[in-house]
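Quick note, the sequence shown lines up with residues 1 to 177 if you use full-length UniProt numbering. For glycine and all other residues, C-beta sits at the position ideal for the given N, C-alpha and C. Predicted model only: the values in this text are computed from it and were never measured. Before any comments, here is the structure.
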Amino acid sequence: MARRTSLREFQERLAERLAQASAARTEHWLVLPAAGHRLLLPLTDASAIANEFTLAPVPRAPACYRGLANVRGNLIGVVDLCWLENHTPTQRSKRAQLLVLATRLIENTALLLPEAVGLRPLESFTPMEHPLSRPWHVRAYRAPDDDRPCILIDASRLITDPLFYGIDSGSSLLGSS
Numbered sequence: 001m002a003r004r005t006s007l008r009e010f011q012e013r014l015a016e017r018l019a020q021a022s023a024a025r026t027e028h029w030l031v032l033p034a035a036g037h038r039l040l041l042p043l044t045d046a047s048a049i050a051n052e053f054t055l056a057p058v059p060r061a062p063a064c065y066r067g068l069a070n071v072r073g074n075l076i077g078v079v080d081l082c083w084l085e086n087h088t089p090t091q092r093s094k095r096a097q098l099l100v101l102a103t104r105l106i107e108n109t110a111l112l113l114p115e116a117v118g119l120r121p122l123e124s125f126t127p128m129e130h131p132l133s134r135p136w137h138v139r140a141y142r143a144p145d146d147d148r149p150c151i152l153i154d155a156s157r158l159i160t161d162p163l164f165y166g167i168d169s170g171s172s173l174l175g176s177s
């Protein structure tokens, strides 16, 4: 009988510790530099970051679609985040990175970023007032070390926006062939 009580106590303690560990987890956001400002993306919306990659251009693709890349053996379509933000293409450099979006959002798709991303806990940001210029912008935040706004983006809104697919009624988006 004592053994059963010990097992029950052990299970209760284990369940309590697991509950505490789950509650202690903090949400983290990736800080993405894009088009002269910083965007925030929940870490759960990303599946990988690639530092070294080669882009294969796709003829007649929209300007936002930069091409295809091999990331860990998978063929990934690459969309330029800076271009989506202000129609300015990301300049390719050794610091450029690909952020592969989570497959629960969209399969085999990455965002081209001009430089390395940062990772910060949600608690380090405070909400601030700032105009939001894109449908996928959710809210502006201030980081403790910088007064510039960081804009939280909703990846599900981003990938469903017509601009993500190169559809823009205001201009011709076809790249040069």
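Apart from the five residues on each side of it in sequence, which residues of its chain come closer than 8 Å, Cβ to Cβ, to residue i?
{"i": "Thr54", "result": "Ala69, Asn70"}
{"i": "Ser177", "result": "Caution applies to Ser177, whose pLDDT of 38 falls short of 50 and renders its modelled position unreliable; the model cannot decide the point."}
{"i": "Gln91", "result": "Pro114"}
{"i": "Arg72", "result": "Ala48, Ala50"}
{"i": "Asp168", "result": "Pro162"}
Tell me which same chain residues have a C-beta within less than 6 Å of the C-beta of residue i, skipping the five on either side of it?
{"i": "Arg66", "result": "Leu55, Val78, Asp80, Leu112"}
{"i": "Arg38", "result": "Val31, Cys150"}
{"i": "Glu85", "result": "Ala34, Ala35"}
{"i": "Gly118", "result": "Val31"}
{"i": "Ser172", "result": "With a pLDDT of 41 at Ser172, under the threshold of 50, the modelled position of this residue cannot be trusted; read the value that follows with caution. Cβ neighbours of Ser172 beyond the five flanking positions: none."}
Tell me whether the beta-carbon of residue i lies closer than 8 Å to the beta-carbon of residue j.
{"i": "Arg95", "j": "Ala116", "result": "yes"}
{"i": "Leu75", "j": "Asn51", "result": "no"}
{"i": "Leu41", "j": "Ile153", "result": "yes"}
{"i": "Cys82", "j": "Ala48", "result": "no"}
{"i": "Tyr165", "j": "Pro62", "result": "yes"}
{"i": "Leu30", "j": "Leu43", "result": "yes"}
{"i": "Asp45", "j": "Leu7", "result": "no"}
Could you tell me how far apart the beta carbons of residue i and residue j are, in whole angstroms, since I believe they sit closer than 8 Å?
{"i": "residue 190", "j": "Arg120", "result": "The requested residue 190 does not occur in the structure, where the chain is confined to residues 1 to 177."}
{"i": "Glu9", "j": "Leu122", "result": "At roughly 35 Å, the Cβ-Cβ gap does not stay under 8 Å, so Glu9 and Leu122 are not in contact."}
{"i": "Cys64", "j": "Leu163", "result": "7 Å"}
Between which residues of its own chain and residue i is the CB-CB distance below 7 Å, once the five residues before and five after are set aside?
{"i": "Leu18", "result": "none"}
{"i": "Phe125", "result": "Tyr141, Arg142, Ala143, Cys150"}
Can you list, in chain order, the stretches of the beta strand (DSSP E) that have 3 or more residues and sit fully within the segment 77-127?
Scanning the segment 77-127 for uninterrupted beta strand (DSSP E) segments of 3 residues or longer gives 97-101, 109-113, 118-121, listed from N- to C-terminal end.
May I ask you to verify whether the segment 155-162 touches the segment 95-113, counting CB pairs closer than 8 Å and requiring at least 3?
Because the criterion of three Cβ pairs below 8 Å is met, the segment 155-162 and the segment 95-113 touch.
What are the start and end residues of each continuous beta strand (DSSP E) run of 3 or more residues lying completely inside the segment 11-74, in chain order?
Counting whole runs of 3 or more residues, the segment 11-74 contains the beta strand (DSSP E) stretches 28-34, 37-42, 46-50, 65-71.
What are the uninterrupted segments assigned as alpha helix (DSSP H) that are 4 or more residues long and contained completely in the segment 141-170, given in chain order?
Runs of the alpha helix (DSSP H) lying entirely within the segment 141-170 and spanning at least 4 residues, in chain order: 155-160.
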